[in-house]
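See structure below.
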Amino acid sequence: MAIERYNPRDTEPRWRKVWDDKKLFETDNDDPRPKYYVLEMFPYPSGRVHMGHVRNYAMGDVIARYKRARGFNVLHPMGWDAFGMPAENAAMQNKVHPKDWTYHNIDAMRGQLKSMGLSLDWSREFATCDVDYYHRQQHLFLDFLDKDLVYRKQSKVNWDPVDQTVLANEQVIDGCGWRSGAPVEQRELTQWFFKITDFSQELLEALDDLDQWPEKVRLMQKNWIGRSEGLHMRWQIVPETSPSDNGSLEVYTTRPDTLFGASFMAIAADHPLALKAAEKNPDLAAFCDACRRMGTSVATLETAEKEGFDTGIKVRHPFDPDWLLPVYVANFVLMDYGTGAIFGCPSGDQRDLDFANKYGLPVTAVVMPEGGDAASFQITEEAYVDDGVMINSQFLDGMTPKDAFDEVARRLEAADIDGQPQARRETNYRLRDWGISRQRYWGCPIPVVHCNDCGVVPVAKADLPVQLPDDIDFEKPGNPLDRHPTWRDVACPKCGGEARRETDTMDTFVDSSWYFARFTAPWQDTPTDPAAADGWLPVDQYIGGIEHAILHLLYSRFFTRAMRIAGHVDVKEPFKGLFTQGMVVHETYKGSAGWLTPAEVRVDEHEGHRRAFRLDTGDEVEIGSIEKMSKSKKNVVDPDDIIASYGADTARFFMLSDSPPERDVIWTESGVEGAHRFVQRVWRLLGEAAPALLEIDAKPAKEGDAVAISRAAHKTLKAVGEDLEKLAFNKAVARMHELVNTLSGPLSDAAAGKNDAATLAALKDAVSILISIMAPMTPHLSEECNSVIGGSTLVAETPWPEFDIDLVTEDTVSLPVQINGKKRGELTIARDADQLTVEQAVLMLPFVQAALSGNTPRKIIVVPQRIVNVVV
RNA sequence: GCCCCUGUGGCGGAACUGGUAGACGCGUUGGAUUCAAAAUCCAAUUUCUUCGGAAGUGUCGGUUCGAGUCCGACCGGGGGCACCA
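Each residue of the first sequence is one higher than the one before, starting from 50 at the first, in this note's numbering.
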């Protein structure tokens with residue numbers, strides 16, 4: 050009987066409606082079953098869903114459906130990271146209101162996501178630009194203010210000249226804005242900061258417990274936090290050389306052991322001592338100005354010479370009052386790390402060595418490799434930075450650098466200047482506080498008012514939300530809120546006098562730092578319902594791109610701690626499990642007139658040669674490198690087109706096949722067709738056999754010919770369960786192919802009426818298993834197949850089947866037999882055969898006897914159920 | 001510069017704690033079916049081979065009865081951080 054081709058355009062919407070009508074994926078917070086919270090990073094509503102989204106959400110949906118089948122109460126929500134620059138750019142270019150643009154995009158993308166058949170709880174959906182959401186975010190801001198986790202300070206900030214806004218350090222990539230790509234400038238502005246540095250140590254330590262995070266992400270965060278242990282020490286300034294009565298220069302060093310190799314001091318151009326000295330020295334003042342002007346972009350940093358200017362000030366060595374060292378202003382010393390001053394030890398640091406060589410400063414080796422000759426060991430062009438033995442360092446000679454560190458610390462802690470110890474141990478972090486002020490319209494308003502008399506006055510919670518005005522003007526660059534007097538000018542909440550609103554809005558990374566908590570009770574009129582949040586959090590499995598390894602994930606970890614202090618949650622970490630998926634990449638095609646989309650090109654493959662031609666003109670085009678799908682290279686494939694021609698199940702299945710999920714996946718037309726072939730094949734095999742299986746009760750075979758069918762099905766069931774637990778989707782896909790290959794013969798026989806009752810019962814059991822294990826990946830197909838073989842309940846409501854332990858273990862095993870470590874044959878023997886039995890059986894094998902030629906083997910190694918190795 | 005990851009057929013990739021290298025898919029080749037095509041099905045597909053075998057997981061060495069897996073050195077590819085004292 051011929052079966053019609055599977056038509057996803059018909060079946061997929063039909064099954065989605067069945068799920069929706071039954072509200073299968075709406076989650077009840079009071080459900081008594083164990084919870085499982087699976088979350089994919091919510092999308093920015095750019096207008097269209099792209100293949101990266103499809104991959105991300107396909108993975109999340111497999112986990113959600115699998116865990117649901119395993120009996121968990123699964124929370125799987127979706128929302129929109131909806132504030133941000135593109136909406137304002139669209140407003141400026143197309144005269145459309147950011148709000149209209151954003152909500153229009155959300156509607157379009159929601160429709161696309163729904164066509165994927167994702168098991169999402171849409172009843173919890175929200176966008177971060179919803180007044181209801183940013184209202185609660187303002188509430189959080191006020192709580193953080195109250196708990197002293199937010200402050201305002203004037204600071205040098207990263208200014209993006211294109212977006213005309215401030216960027217956080219994390220948002221500056223290679224000296225350019227993370228969004229605009231423009232070289233970042235430095236400006237002095239008064240900004241709001243979150244005190245993420247209060248948690249430096251905790252954020253660092255807790256990384257060790259995040260054992261379900263990729264090692265790589267933990268390492269990146271560790272490096273970003275950048276803890277270093279060193280000594281904060283004071284050097285006495287020689288009074289007659291100093292412009293002020295400031296008695297000492299404070300430096301921070303991680304290498305106090307190299308103290309006897311010191312040859313100069315270097316301070317930042319903004320260091321108070323430099324400013325003081327520059328007052329009387331115009332040349333120095335000019336040098337400091339030059340330092341300040343550079344240091345804006347990485348490009349200049351990399352090419353810039355290490356330069357210094359001798360201030361004429363001298364300091365005394367702590368262990369030798371006659372030893373005076375010059376103080377330089379140097380362009381490579383940063384004011385905002387440590388104390389803004391260092392001592393230079395040329396022999397132990399390449400940069401210091403270059404500096405010393407340039408300015409003719411002494412170079413004394415203080416560490417040499419183990420076993421070296423102290424008398425002849427010299428440093429000239431290359432600094433020695435490795436471990437070794439101390440030399441030329443008086444009481445430190447012969448020690449290891451580590452012991453020398455401790456010895457110097459001990460002595461200087463005990464020494465004193467003016468009743469204060471000369472040094473103290475100090476830990477420093479690279480992590481800076483998070484500047485969140487953005488001079489933009491389309492963001493969450495910061496709920497404070499600036500009063501001429503009272504200063505900064507927080508808006509009362511009862512007066513929230515501070516809502517964005519709708520009537521705005523994008524004709525001029527800069528922040529429209531600044532130019533909106535009726536919104537901006539208000540009465541002071543405290544004194545009633547003239548005041549103005551804060552016109553800066555929050556960094557959009559604030560919005561995404563707590564949305565996962567909001568999903569647990571999005572209806573709540575406070576930021577969270579603490580009971581609900583504590584019940585659901587942490588997120589059991591979070592999935593998204595590696596590009597958020599630092600920014601979003603670190604901010605969210607900070608937010609969770611801050612929210613805990615404010616009483617909104619009682620967990621420490623937001624994400625228990627993290628998975629970073631790879632990108633979707635595609636070949637590029639370049640014709641004479643520029644890049645071409647895959648849809649405009651036909652690729653021929655013959656005898657290993659691939660050539661591409663334009664569909665319209667037939668001209669040959671160049672096949673370029675495989676790159677991340679991007680509009681600029683035009684190597685994009687629209688998910689809508691794929692779903693329209695192959696169906697959502699095919700798109701999902703392909704995204705999970707082949708490549709391991711953490712690696713990039715190459716989108717190929719032939720790959721999609723392969724996935725579609727699988728869908729069609731399953732449908733055809735099951736459809737043809739369905740009449741024979743309809744009235745049969747499923748029963749796995751324990752003996753007879755059909756046992757092979759049952760073994761294959763139950764082994765696959767076991768393996769797929771293990772693969773899905775490990776998120777090894779590609780392996781699970783391979784096993785499904787294997788099972789279908791095994792079942793194809795018996796299914797064809799069943800369709801032809803050639804099978805006995807026991808075989809049909811085993812086949813029905815196997816088919817039911819196949820339908821269940823495919824369901825997380827191809828949910829529509831599974832429902833359709835299930836219904837044609839007479840299934841009475843929805844697959845989406847069917848528990849994950851249990852494998853039969855007897856069927857996954859074989860009675861006999863086939864052992865490879867090696868001679869001197871090379872495989873020469875096989876031995877089939879009882880699974881539980883003991884060592885002696887195996888040895889005797891092996892010695893009977895003809896090829897073993899041939900190899901021995903009458904001698905006794907030197908050794909026989911038997912690894913039970915694994916391998917036998919005969920050593921002759 | 002520092003830190004991390006990675007290297008397996010024509011391609012994407014399998015191979016659990018050292019134990020049958022190349023599962024599964026893609027591509028290719030041959031065949032069946034067809035008036036023909038699409039679709040489908042069957043077979044072959046690491047290399048060399050005197051058809052007995054031999055070699056083979058970036059290169060060179062080591063440990064082991066046995067190494068893709070462990071150790072050392074080197075080479076290639078990718079990523080992160082980067083005047084951080």
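Here a beta-carbon is modelled for each residue, glycine too, at the ideal position from N, C-alpha and C.
Straight-line gap, residue i to residue j (C-alpha atoms, nearest Å)
i	j	result
residue 33	residue 839	Only positions 50 to 921 of the chain appear in the structure, and residue 33 is not among them; the question remains open.
residue 564	residue 186	10 Å
residue 380	residue 341	8 Å
residue 231	residue 829	46 Å
residue 492	residue 178	7 Å
residue 724	residue 580	44 Å
residue 361	residue 376	7 Å
residue 370	residue 197	45 Å
residue 905	residue 825	56 Å
residue 373	residue 497	53 Å
residue 88	residue 78	16 Å
residue 461	residue 296	17 Å
residue 94	residue 153	9 Å
residue 535	residue 528	15 Å
residue 428	residue 642	58 Å
residue 174	residue 253	33 Å
residue 697	residue 691	8 Å
residue 328	residue 319	13 Å
residue 80	residue 123	10 Å
residue 784	residue 670	38 Å
residue 562	residue 270	16 Å
residue 827	residue 111	9 Å
residue 346	residue 602	Summary for residue 346: the model assigns pLDDT 45, below 50, so the residue's position carries little reliability; its value from the coordinates is reported in the next sentence. Roughly 26 Å separates the two Cα atoms.
residue 809	residue 853	18 Å
Reduced DSSP category for residue i - H, G, I as helix; E, B as strand; rest coil
i	result
residue 138	helix
residue 211	coil
residue 773	helix
residue 834	helix
residue 490	coil
residue 421	coil
residue 673	strand
residue 301	strand
residue 471	coil
residue 636	strand
Cβ pair residue i, residue j closer than 8 Å
i	j	result
residue 683	residue 716	no
residue 620	residue 578	no
residue 766	residue 818	yes
residue 125	residue 513	no
residue 408	residue 468	no
residue 833	residue 60	yes
residue 108	residue 778	yes
residue 747	residue 756	no
residue 622	residue 255	yes
residue 551	residue 495	yes
residue 782	residue 104	no
residue 33	residue 457	Missing from the structure shown is residue 33; the chain here goes from 50 to 921 and no further.
residue 137	residue 487	no
residue 140	residue 150	yes
residue 798	residue 762	no
residue 588	residue 625	yes
Which residues DSSP lists as bridging residue i, in chain order
i	result
residue 321	Bridge partners of residue 321: none, in fact.
residue 626	261
Is there contact here, the segment 301–315 with the segment 386–395, by at least three beta-carbon pairs under 8 Å?
yes
Count the C-beta pairs between the segment 437–450 and the segment 255–264 that are closer than 8 Å, then say yes if the count reaches three, no if not.
no
Say whether the segment 233–253 touches the segment 189–203, bearing in mind that this needs 3 or more beta-carbon pairs closer than 8 Å, one atom from each stretch.
yes
Count Cβ pairs between the segment 105–118 and the segment 834–849 that sit closer than 8 Å; are there 3 or more?
yes
Using 8 Å as the cut-off, can you tell me whether the segment 516–526 makes contact with the segment 158–173, which would need three or more C-beta pairs spanning the two stretches below that distance?
no
The segment 533–553 contacting the segment 498–508, beta-carbon criterion three pairs below 8 Å
yes
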